[in-house]
Amino acid sequence: MQSLNVSNEELSRLGQEALQQALSYWATLDERPSYPATTGEETERLFSRPWSEQGIGRAVFDDFAAIADRGRPSTGRFFGYVVGSGEPVGALGDLLASALNQNTTSWRSAPAAATVEKAVTGWLADAVGCPGFRGSLCGGGSAANLMALAMARESRLPANETGARPGIVYASEEIHMSIPKAIALLGIGRDNLRLIPVDGDHRIRVHALDAAISADRAARRAPMAIVASAGTVKIGAVDPLDELADLAEREDLWLHVDGAYGGLAALAAPEKFRGLDRVDSLSLDTHKWLYQPLDCGCVLYRDREVARKTFTHSGDYVRILTDDPVESFAFFEESMELSRRFRGLKLWMSLQYHGRAAFRDAVRRDLEHAQLLAELVTARPELELLAPVSLSAVCFRHRSKDNAALLKRLVARGRVYLSNATIGDQFALRVCFVNHRTTHADVRLIVEEVIAAADELDP
Ligand SMILES: *Cc1c(COP(=O)(O)O)cnc(C)c1O
Numbered sequence: 442m443q444s445l446n447v448s449n450e451e452l453s454r455l456g457q458e459a460l461q462q463a464l465s466y467w468a469t470l471d472e473r474p475s476y477p478a479t480t481g482e483e484t485e486r487l488f489s490r491p492w493s494e495q496g497i498g499r500a501v502f503d504d505f506a507a508i509a510d511r512g513r514p515s516t517g518r519f520f521g522y523v524v525g526s527g528e529p530v531g532a533l534g535d536l537l538a539s540a541l542n543q544n545t546t547s548w549r550s551a552p553a554a555a556t557v558e559k560a561v562t563g564w565l566a567d568a569v570g571c572p573g574f575r576g577s578l579c580g581g582g583s584a585a586n587l588m589a590l591a592m593a594r595e596s597r598l599p600a601n602e603t604g605a606r607p608g609i610v611y612a613s614e615e616i617h618m619s620i621p622k623a624i625a626l627l628g629i630g631r632d633n634l635r636l637i638p639v640d641g642d643h644r645i646r647v648h649a650l651d652a653a654i655s656a657d658r659a660a661r662r663a664p665m666a667i668v669a670s671a672g673t674v675k676i677g678a679v680d681p682l683d684e685l686a687d688l689a690e691r692e693d694l695w696l697h698v699d700g701a702y703g704g705l706a707a708l709a710a711p712e713k714f715r716g717l718d719r720v721d722s723l724s725l726d727t728h729k730w731l732y733q734p735l736d737c738g739c740v741l742y743r744d745r746e747v748a749r750k751t752f753t754h755s756g757d758y759v760r761i762l763t764d765d766p767v768e769s770f771a772f773f774e775e776s777m778e779l780s781r782r783f784r785g786l787k788l789w790m791s792l793q794y795h796g797r798a799a800f801r802d803a804v805r806r807d808l809e810h811a812q813l814l815a816e817l818v819t820a821r822p823e824l825e826l827l828a829p830v831s832l833s834a835v836c837f838r839h840r841s842k843d844n845a846a847l848l849k850r851l852v853a854r855g856r857v858y859l860s861n862a863t864i865g866d867q868f869a870l871r872v873c874f875v876n877h878r879t880t881h882a883d884v885r886l887i888v889e890e891v892i893a894a895a896d897e898l899d900p
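Residue numbers (the working numbering): 442 to 900.
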């Protein structure tokens, strides 16, 4: 019989090997193409293999280079979607978190880890101007949005015992797809999501929202929640949070803010997020605009009692037998998860290693890069900016080329990676800056590469 135990000497060799591989990956990041050249046929051939009956030992490390070469590297020239940079101190924190193997369900099961997680979620709440909010870390913005909407439902139309009754949720037509997904999963039903039109700045039209709420009330339906965007995924628009908070207050609706892309920019530009401290719940993604390695989202909420009402269903086997306010704390009474990895450690290490000022400066640079790109685009007669730049996403097009074909050429050139968006009926090239490695030269390269790719296309 074979044992899973690894000797200390062997572990030391494995550890050095793993660390060496990570270090040489980070050291060569800047030389890597912005997108890997591979095919489905190739990745299947390389990696679809049966589980070996006998262990292959240290040979497992031989695959790392092949895997690394066929992944999207977090270089400063990857500008697609909203992809953070995987800050290496945070990555080392993840390694140590896995080594400790703490199950962060509660203080009782992980006294230090639970306290660290509470501390770092407090830092995040402070950083976005919501001191006093509580919360927990989770897999990402989708999980955070799902938990927030579960709280919204439980606070307005309690469903935990009797099942969901239709309540109406309002959001702009540019809301992220994780919101309709959460509404479907919660049994609210996507027919009960009202998508409200946006203004010229891609922000929700508050008058139209107000009218939609009145129409639903007149029809004896039950308005339940407003979901605002603090950074739409398309162009980074921030809905008018103060006005929405007034409206939510007047109508007694839950106000949730999806800040998975943009919320953490409040660290550097709080003036763009006025009203954020008035919301009921808020989603953040530290693996986006706080540069942390995947995965690490965060849900924050004002009223801990609503979280407890929504998520406490403790069985006997987890009952906590103490009244001590610290020692009786359980994440599983305020979150949908029970077993949870120690996500807080990477934040604890990365955020303290660099300090708050360094993160604020990095976010500020991303905001500046977006402004610089908008200027460079505006200065080129053949290019056209398609939307205002409110955070770090820039949407533009080439005036005389097929922009979808242009994007394909651009990506194939391998020097920068952009994604796309639809603005009105236009195909837009979309750039998003959420990477601390990006330089001014990289920003200039975007325009150079777009022009070069355009020149390669037929006129
Ligand atoms: C990324 C994103 C989400 C989803 O977050 P995940 O971490 O991918 O689950 C939700 N909303 C917005 C605005 C986002 O940018």
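Heads up, the beta-carbon is just placed ideally off N, CA and C, and yes, glycines get one too.
- A direct Cα-Cα distance of roughly 24 Å separates glycine 608 from alanine 701.
- In this structure the region 804-815 lies against the region 876-891, because at least three pairs of beta carbons, one per stretch, are closer than 8 Å.
- For serine 465, the uninterrupted alpha helix (DSSP H) segment begins and ends at 449-469.
- Shown here for aspartate 642: same chain residues with a beta carbon closer than 8 Å to its own, the five before and five after excluded, namely Ala678, Pro829, Ser831 in chain order.
- Taking a contact as a CB-CB distance under 8 Å, the pair cysteine 836 and leucine 788 does not count as one, their CB atoms being some 31 Å apart.
- In this model, arginine 575 and glutamate 778 are separated by some 16 Å (Cα to Cα).
- As a beta-bridge residue in DSSP terms, leucine 741 pairs with Gly576, Leu723.
- The region 693-712 and the region 837-847 do not touch, with fewer than three beta-carbon pairs separated by less than 8 Å.
- Following the DSSP letters along the chain, one finds arginine 801 inside the alpha helix (DSSP H) bounded by residues 797-820.
- The beta carbon of tryptophan 467 is closer than 7 Å to those of Pro529 in its chain, skipping five residues each way along the sequence.
- By the neighbour-count definition (other C-beta atoms within 10 Å, threshold 16), threonine 673 is a buried residue.
- A heavy atom of ligand 1 is found nearer than 7 Å to the CB of histidine 617.
- Nearest in C-alpha terms to histidine 795, of all of Gly570, Ala660, Leu708, Gly531, is Gly531.
- In this structure, the C-beta of tyrosine 702 approaches ligand 1 to less than 7 Å from one of its heavy atoms.
- Setting aside the 5 residues that flank it on each side, leucine 688 is surrounded in the same chain by Val647, Leu650, Asp651, Ile654, Ile667, Leu694, each with a C-beta closer than 8 Å to its C-beta; the list follows chain order.
- In the DSSP annotation of this structure, histidine 877 is not part of any beta strand (DSSP E), being labelled neither H nor E.
- Between glutamate 890 and leucine 851, the beta carbon gap of about 6 Å places them in contact (Cβ cut-off 8 Å).
- In the structure shown, alanine 869 adopts extended strand secondary structure according to DSSP, grouped into three states.
- Of the candidates Arg511, Asn446, Thr546, Arg511 places its Cα closest to the Cα of proline 477.
- For histidine 643, no pairing in a beta bridge is given by DSSP.
- Considered as a whole, the region 518-583 harbours 529-541, 552-568 as its complete alpha helix (DSSP H) runs of no fewer than 4 residues, in chain order.
- CA-to-CA, the gap between phenylalanine 502 and valine 524 works out to about 26 Å.
- Each residue's CA atom was taken as its position, placing histidine 839 and leucine 859 some 14 Å apart.
- Taking the Cβ atoms as the reference, serine 670 lies roughly 14 Å from aspartate 683, outside the contact range of under 8 Å.
- Listed in chain order, the non-local C-beta contacts of methionine 588 below 6 Å within the same chain comprise Val740, Met777, local neighbours out to five positions each way being set aside.
- Beyond the five residues adjoining it in sequence on each side, leucine 537 comes within less than 8 Å, by CB distance, of Leu786, Met790 in the same chain, given in chain order.
- Taking all protein chains in view, the Cβ of leucine 452 is surrounded by fewer than 16 other Cβ atoms within 10 Å, so the residue is classified as exposed.
- With a cut-off of 8 Å on Cβ pairs, the region 721-734 is in contact with the region 587-601, counting three or more such pairs.
- Between alanine 554 and phenylalanine 783, the gap from beta carbon to beta carbon is short of 8 Å.
- Straight across, the Cα-Cα distance linking glycine 628 with arginine 597 is about 14 Å.
- Rounded to whole angstroms, glutamate 483 and glutamate 823 show a C-alpha spacing of 38 Å.
- Remark: C-beta atoms of valine 857 and phenylalanine 520 approach each other more closely than 8 Å.
- Alanine 666 has Val610, Trp695 as its beta-bridge partners, per DSSP.
- If you draw a straight line from the Cα of tryptophan 548 to the Cα of glutamate 558, it comes to about 10 Å.
- The straight-line gap separating the alpha-carbon atoms of cysteine 579 and aspartate 899 is approximately 47 Å.
- Under DSSP, arginine 635 takes part in a beta bridge, and its partners are Tyr611.
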